[in-house]
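Peer 1: Before anything else, here's the structure in question.
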Amino acid sequence: MIHDIFMNVACPFIGTMAYAVLFNVPKRYYLSCGMTGTAGWLVYALSGRYTSSAVAAFLGALIVVLISRMLTVRMKCPITIFLVSGIFPLVPGAGIYYTAYYLVTNQLSLAAQKGLDSIKIAFGIVLGIVFIVSIPREFFQIRYWKERRIRKGWSR
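This is the structure in structure tokens:
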């Protein structure tokens, strides 16, 4: 039990940071990249127990992109720094591998099943990205919410 929890936190964190190192992300963003990937993976793993893998990938991608947008505004850097490395744990690499493997070994029904599952997961990731990226940048700035509260007459 403890081992599973540790592996579900440590592996996506290290994998995401390694991916960030591979793509020359500045060192000051390594920790944030690792946390982004870990949060997305944890949402994927927890929701995967109750929903399909495509829906779980969608929810994981929503969290990754939401955190990436917040960090982008906070740290004043491009979203791709956090988004590309944070999505890494969600990408269906094993599904794509097994699709190719089953095609080569002439197991076409298994290849079709794995391929369709991989496409569903990829589509879920894309939808998660599109949903959050379509929100205006101002929505993620604290100044926006302060001005909105003043305009509406809300006060403490």
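Be aware that the sequence shown starts at 59, since it is given in the numbering used here, and climbs by one per residue.
No residue lacks a Cβ here, since even glycine has one placed at the ideal position from N, Cα and C.
For a quick check, are the C-beta atoms of K178 and G153 less than 7 Å apart?
Peer 2: Against a cut-off of 7 Å, the Cβ pair of G153 and K178 comes out as no contact.
Peer 1: Look at the Cβ atom of G95, then the Cβ atom of G151, and state whether they are nearer than 7 Å.
Peer 2: Against a cut-off of 7 Å, the Cβ pair of G151 and G95 comes out as no contact.
Peer 1: In angstroms, rounded to a whole number, what distance separates the CA positions of Y155 and A119?
Peer 2: If you take the alpha carbons of Y155 and A119, they lie about 21 Å apart.
Peer 1: Mind checking R86: buried by the 16 CB within 10 Å criterion, or exposed?
Peer 2: R86 should be labelled exposed.
Peer 1: Just the C-alpha distance for R195 and V83, rounded to the nearest angstrom, thanks.
Peer 2: So the alpha carbons of these two residues sit roughly 22 Å apart.
Peer 1: Could you name the residues of the same chain whose beta carbon sits closer than 7 Å to that of F146, not counting the 5 residues immediately before and after it, in chain order?
Peer 2: Contacts found: G73, T74, Y77 and G95.
Peer 1: Who are the near neighbours of N66 in its chain, counting only those whose CB is closer than 6 Å to its CB and skipping five residues on each side?
Peer 2: If we look at N66 and ignore the five residues flanking it on each side, its Cβ neighbours are A103.
Peer 1: Restricting to Cα atoms, I'd like to know which of C69, L129, V79 and T130 is closest to L100.
Peer 2: Among C69, L129, V79 and T130, the Cα nearest to that of L100 belongs to C69.
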